[in-house]
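A.B. asks:
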Amino acid sequence: MIDRLVIQNKIDEITLAQRVPCIALGFLTSSNEETWISGNRSLVPHIEKLTLDTIFDMASLTKVIVTTTLILKLIEDKRLSLDTKVSSILVDFKHTEITILHLLTHSSGLAADHKGYKDHCGKEALRAFIMDLPLTEVPNTKVIYTDFGFILLGYIIEVLMGPLDLCAKKYIFEPLGMTDSGYRPIDRNRCAPTENNPQRGLIRGIVHDGKAFCLGEVSGNAGVFSTLKDTMSFAKMILSDDERVLKNSTKALLHTTYTASLDHQRTLGWYRHDESCSFGTMASQDVLYHTGFSGTSIYIDFERHLAIVLLTNRIHPHRDNDQIQTIRSLIHDLLIMTQ
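According to our numbering, the sequence shown is numbered sequentially starting from 787.
(1) Using only CA atoms, which one of THR1067, MET1018 and VAL1073 lies nearest to ALA1038?
(2) Can you give me the Cβ contacts of HIS900 inside the same chain, cut-off strictly under 7 Å, excluding the 5 residues immediately before and after it?
(3) Answer yes or no: do HIS906 and ILE930 have a C-beta to C-beta separation smaller than 8 Å?
(4) Please list the terminal residues of the continuous alpha helix (DSSP H) segment that includes PHE936.
(5) Between the segment 1040 to 1060 and the segment 985 to 1000, are three or more C-beta pairs nearer than 8 Å?
(6) Below 8 Å on the Cβ atoms is my contact criterion, and I expect VAL850 with GLY1055 to pass it. Report the Cβ-Cβ distance as a whole number of Å.
(7) Go through its chain and collect everything with a Cβ distance to ASP951's Cβ below 6 Å, but skip five positions before and after it.
(8) Nearest-angstrom Cα distance between GLY902 and GLY996?
(9) Roughly how many angstroms separate the alpha carbons of PHE1011 and ARG805, rounded to a whole number?
(10) To the nearest angstrom, how far is the alpha carbon of ILE943 from that of LEU866?
(11) According to the neighbour-count rule (16 or more other Cβ atoms, all chains shown, within 10 Å of its Cβ), is ILE833 buried or exposed?
(12) Near ASN1107, which residues of its chain fall below 6 Å by C-beta distance, leaving aside the five closest residues on each side in sequence?
(13) Rank THR885, PRO961, GLY812 and ALA954 by C-alpha distance to the C-alpha of HIS1118 and give the top, closest one.
(14) On the criterion of 16 or more Cβ atoms from any shown chain inside 10 Å, does GLU981 qualify as buried, or is it exposed?
(15) On the criterion of 16 or more Cβ atoms from any shown chain inside 10 Å, does LYS859 qualify as buried, or is it exposed?
(16) Is the distance from the Cβ of GLY1081 to the Cβ of SER1115 below 8 Å?
(17) What residues are listed by DSSP as bridge partners for GLY987?
(18) The alpha helix (DSSP H) that contains THR1017, what's its start and end?
(19) Taking the beta carbon of PRO807 as the centre, do at least 16 other beta carbons fall within 10 Å, making it buried, or is it exposed?
(20) Where does CYS907 fall in DSSP's three states?
(21) Can you name the start and end residues of the beta strand (DSSP E) that GLU820 belongs to?
(22) Ignore the nearest five residues each way along the sequence and tell me which others in PRO971's own chain have a CB closer than 7 Å to its CB.
(23) Quick check on ASP973: does DSSP put it in helix, strand or coil?
(24) Measure the Cβ-Cβ separation of THR848 and ALA898 and say whether it is below 8 Å.
(25) Here's a check: name, in chain order, each residue in its chain whose Cβ is nearer than 6 Å to the Cβ of SER824, leaving out the five neighbours to either side.
(26) Starting from SER1115 and walking both ways along the alpha helix (DSSP H), at which residues does that stretch end?
(27) Does DSSP put VAL1010 in a helix, a strand or coil?
(28) To the nearest angstrom, how far is the alpha carbon of CYS953 from that of ASN975?
(29) Quick test of your reading: LEU1092 and THR815, contact by CB under 8 Å. State the CB separation rounded to the nearest angstrom.
(30) Out of curiosity, what's the CA-to-CA distance linking GLY911 and GLY940?
(31) Between ASP878, ASP869, VAL877 and LYS904, which has its C-alpha nearest LEU889's C-alpha?
(32) What's the C-alpha gap between VAL830 and LEU836?
(33) Per DSSP, what kind of secondary structure is TYR1057 in: helix, strand or coil?
(34) So the alpha helix (DSSP H) PHE999 belongs to, where does it begin and stop?
(35) Where VAL872 and ASP839 are concerned, what is the direct C-alpha to C-alpha distance, given to the nearest angstrom?
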């Protein structure tokens, strides 16, 4: 049984030392769910205490919560396969050898980043820019984590299913009762602010990610906001036999490592067990894991049948706070050791 006080004392110690402004932490097993909160969700322009219903910018957790899940839904419905060529759906995409699998596993050869996107803000301009990007590697020869692949997956979802934000609501958030999750949150005052940006000012309730912002805040790589409770509901769906969103046979695809030959442990959208990840020293071999730049993460351990959700706004008020990996590892190890 988890010692709640031990965990609370540790996260209080972290936030009091201002290593991150706040921590919303969730731990779930097949028989138990626990939550903890600590710290202040806002430091500037004034102090605001964190509340359990605070809404966080999930950043790249959008890739697994929304984009990967909807692509898996399309595969389940036989409207796509992992071998489907991207250019067969996005006819303006010039790299005809790239498949859905390449995009999901970051093995497409697309660049990790390209600062030139900032000169092409706007949905149509940025789309044209992405469609014309050159490859930096031959597909399926190297894993390069890239937002561009998941933006493309978002485009594919829109062609086959409809607007990304509406599909996320219909096929994921509504079935799971994730009432506080979505793109473009209505109540910005409930949101934990992120960066005090020189160009954009204090960012609150608006996506922090630059590419998603240029795309009108709805994108396959970032843009979703959520609460601790809602994110735990999503993690529980992946961990359990819950088939409200995806069939168990579809979720089983996530137990395969598709990039072992490339010296990376990646499955569809998610990391698998990878010692370079910041999920602590106690992780089993059968895990899913992903992080978001804003300071968010989901860890799902199938061997131990548990999940850990850690939500922070570590880039508030400035992005130069790099302690999140150490903090995450410490918290994960403590939870697993004391359960």
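Glycine included, each C-beta is placed from N, C-alpha and C at the ideal position.
All figures in this text were calculated on a predicted structure; none of them were measured in a lab.
C.D. replies: The short version:
(1) As a working mapping, residue 1038 is identified with position 252 in the sequence shown. Of THR1067, MET1018 and VAL1073, the residue nearest in Cα terms is VAL1073.
(2) Here residue 900 is taken as the residue at index 114 of the sequence shown, counted from 1. The answer, listed in chain order, is LEU919.
(3) Within the sequence shown, numbered from 1, the residue matching residue 906 stands at position 120. Within the sequence shown, numbered from 1, the residue matching residue 930 stands at position 144. Cβ distance not < 8 Å, so HIS906 and ILE930 don't count as in contact.
(4) For the purposes of this step, residue 936 is taken as the residue at position 150 of the sequence shown. Residues 933 to 946.
(5) no
(6) For the purposes of this step, residue 850 is taken as the residue at position 64 of the sequence shown. For the purposes of this step, residue 1055 is taken as the residue at position 269 of the sequence shown. With 8 Å as the limit, VAL850 and GLY1055 qualify as a contact, their Cβ atoms being about 5 Å apart.
(7) Counting from one through the sequence shown, the residue named residue 951 turns up at place 165. If we look at ASP951 and ignore the five residues flanking it on each side, its Cβ neighbours are TYR969 and VAL1004.
(8) On the sequence shown, position 116 is the one that residue 902 refers to. On the sequence shown, position 210 is the one that residue 996 refers to. When rounded, the distance between both Cα atoms is 12 Å.
(9) The residue given as residue 1011 occupies position 225 in the sequence shown. The residue given as residue 805 occupies position 19 in the sequence shown. Cα to Cα, PHE1011 sits roughly 23 Å from ARG805.
(10) As a working mapping, residue 943 is identified with position 157 in the sequence shown. As a working mapping, residue 866 is identified with position 80 in the sequence shown. Computed Cα separation, rounded: 10 Å.
(11) Sequence index remark: in the sequence shown, residue 833 carries index 47 (1-based). ILE833 comes out exposed.
(12) Sequence index remark: in the sequence shown, residue 1107 carries index 321 (1-based). Only ARG1100 meet the Cβ criterion.
(13) Your numbering for residue 1118 matches position 332 in the sequence shown. Considering only alpha carbons, the answer is GLY812.
(14) As a first step, residue 981 must be located in the sequence shown, where it is residue number 195. Its Cβ being crowded by 16 or more others within 10 Å, GLU981 is buried.
(15) For the purposes of this step, residue 859 is taken as residue 73 along the sequence shown, with counting starting at 1. Buried: at least 16 other Cβ atoms inside 10 Å.
(16) Sequence index remark: in the sequence shown, residue 1081 carries index 295 (1-based). Sequence index remark: in the sequence shown, residue 1115 carries index 329 (1-based). No, they are not a contact pair.
(17) Reading the sequence shown from its first residue, position 201 is the one you call residue 987. Answer is ASN983.
(18) Your numbering for residue 1017 matches position 231 in the sequence shown. Element bounds for THR1017: 1014 to 1025.
(19) Taking the first residue of the sequence shown as 1, we reach residue 807 at position 21. Its Cβ being crowded by 16 or more others within 10 Å, PRO807 is buried.
(20) If you number the sequence shown from 1, residue 907 lands on position 121. Here CYS907 sits in coil by DSSP.
(21) Counting from one through the sequence shown, the residue named residue 820 turns up at place 34. First-last of the beta strand (DSSP E) with GLU820: 819 to 828.
(22) Position 185 of the sequence shown, counted from the first residue, corresponds to residue 971. The residues are ILE841, CYS977, GLY991 and PHE1011.
(23) Indexing the sequence shown from 1 puts residue 973 at position 187. DSSP places ASP973 in coil when its eight states are reduced to three.
(24) Position 62 of the sequence shown, counting from 1, holds the residue named residue 848. Position 112 of the sequence shown, counting from 1, holds the residue named residue 898. No, the pair does not count as a contact, with Cβ atoms beyond the cut-off.
(25) For the purposes of this step, residue 824 is identified with residue 38 of the sequence shown, where counting begins at 1. Answer for SER824: ILE797, ASP798, THR801 and ILE809, listed in chain order.
(26) Stepping through the sequence shown from its first residue, residue 1115 is reached at position 329. It spans 1110 to 1124 - the alpha helix (DSSP H) in which SER1115 sits, taken as one unbroken run.
(27) Within the sequence shown, numbered from 1, the residue matching residue 1010 stands at position 224. It is a strand residue.
(28) Taking the sequence shown and counting its residues from 1, the one referred to as residue 953 is at position 167. Taking the sequence shown and counting its residues from 1, the one referred to as residue 975 is at position 189. Approximately 25 Å, taken between the alpha carbons.
(29) Start at 1 with the first residue of the sequence shown, and residue 1092 comes out as number 306. Start at 1 with the first residue of the sequence shown, and residue 815 comes out as number 29. That belief holds up - the Cβ atoms of LEU1092 and THR815 are roughly 5 Å apart, short of 8 Å.
(30) For the purposes of this step, residue 911 is taken as the residue at position 125 of the sequence shown. For the purposes of this step, residue 940 is taken as the residue at position 154 of the sequence shown. The sequence shown places Ala at residue 911, not Gly. Taking the straight line from one Cα to the other gives about 16 Å.
(31) Along the sequence shown, one-based indexing puts residue 889 at 103. Comparing Cα-Cα distances from LEU889 to each of ASP878, ASP869, VAL877 and LYS904, the minimum goes to ASP869.
(32) The residue labelled residue 830 in the question sits at position 44 within the sequence shown. The residue labelled residue 836 in the question sits at position 50 within the sequence shown. So the alpha carbons of these two residues sit roughly 13 Å apart.
(33) On the sequence shown, residue 1057 is found 271 positions in, with the first residue counted as 1. Residue state, collapsed to three classes: strand.
(34) As a first step, residue 999 must be located in the sequence shown, where it is residue number 213. Per DSSP, PHE999 belongs to the alpha helix (DSSP H) from 996 to 1000.
(35) Mapped onto the sequence shown, residue 872 falls at position 86. Mapped onto the sequence shown, residue 839 falls at position 53. Taking the straight line joining both Cα atoms gives about 39 Å.
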